[in-house]
Amino acid sequence: MQQQDPNARPATGYPYPYPPQQPANGYPPNAATAYPYQNHNPHYAPQPSPRAVLLRRLFTAFTVFLLILGLILFIFFIVVRPQLPTVYLNSLSVSNFTVSDNRLAGNWDLRLQFQNPNSKMSLHYDGVSCALYYDRASLSETRLQPFDLGTKDQTPVNATLSVSGTYVDGRLVDSIGKERGEKGSVEFDLRVVSLVTFRYGVYRRRRYVTVFCDDVAVGVGGNSSSGNMVGSAKRCKP
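Going by the numbering used here, the sequence shown opens with residue 1332, and the numbers climb by one from there.
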């Protein structure tokens, strides 16, 4: 029987076959990336719904429409330059003016001057009304007939406001008496409201225009029942 050499060395070239290591979780290594998802169409993206596309197109069209409309209006106002008409109170007189026992009576005759400052737009006045006030208390109101104003045109309009025994507060009676005694005049306020149509070719625009002629002094002394406006013509303010 042959004995083994205790000093013998292991043979080289044939390493000891160690068994493969098993992962602790029991799954093969790189199991999550062993078979990755492959996108065969890298340019693919989810398509929006037809409703979303329609809404987006409608919004774009509406935005473009507003921009075009705004540009047209801007050019129109630059070219035409519409301006509000001006009104002057040329004269104001009162007759049969009496204040007694909290009753007020009188006839006011006035003359207004309407002017159109526009060089490209004509004006049509409809529904013109004049109202007379004293210290914010309404005394009388009248309505004027319609009329037209051409470009850069002007026209005078006469009106009469009457008060026949209208009851007024005692405070107003005292105030009128004080003015007549101290100044020899009484200050009245006038309001003019007009429905004006601006016309330029086929363009039409209607709007209300209101002007005020405030603190118009009429010379009527304590013993007088008639008087005229103190001073020259006065421009009414919007």
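Just so you know, even glycine gets a beta-carbon here, dropped at the ideal spot from N, CA and C.
Check	Outcome
Collapsed DSSP secondary structure at Thr1482 in the structure displayed	coil
Sub-7 Å separation of Leu1480 and Asn1447 beta-carbons	yes
Exposed unless 16 or more other CB atoms sit within 10 angstroms - verdict on Tyr1498	exposed
From Thr1417, Gly1458, Ser1469 and Val1430, residue whose alpha carbon lies closest to that of Gln1574	It is not possible to answer for residue 1574, since the shown part of the chain is limited to 1332 through 1569.
Proximal residues to Val1561 (C-beta, below 8 Å), its chain only, five neighbours per side dropped	Ser1516, Ala1548, Val1549 and Gly1550
Opening and closing residue of the alpha helix (DSSP H) in which Leu1503 lies	Gly1501 to Glu1513
At least 3 beta-carbon pairs within less than 8 Å: the segment 1452-1466 vs the segment 1523-1531	yes
Pair within 7 Å by beta-carbon distance, Leu1441 and Ala1490	yes
Pairwise C-alpha distance: Leu1402 and Asn1559	51 Å
Cβ neighbour criterion (16 or more within 10 Å) applied to Lys1565	buried
Minimum length 3: unbroken beta strand (DSSP E) runs contained in the segment 1441-1499	1453-1465, 1468-1475, 1478-1480 and 1485-1498
Cβ-based neighbour list, Arg1467, same chain, cut-off 8 Å, excluding 5 preceding and 5 following	Asp1520
Cα-Cα separation between Asn1433 and Cys1461, rounded to whole angstroms	24 Å
Where Gly1552 falls: helix, strand or coil (DSSP)	coil
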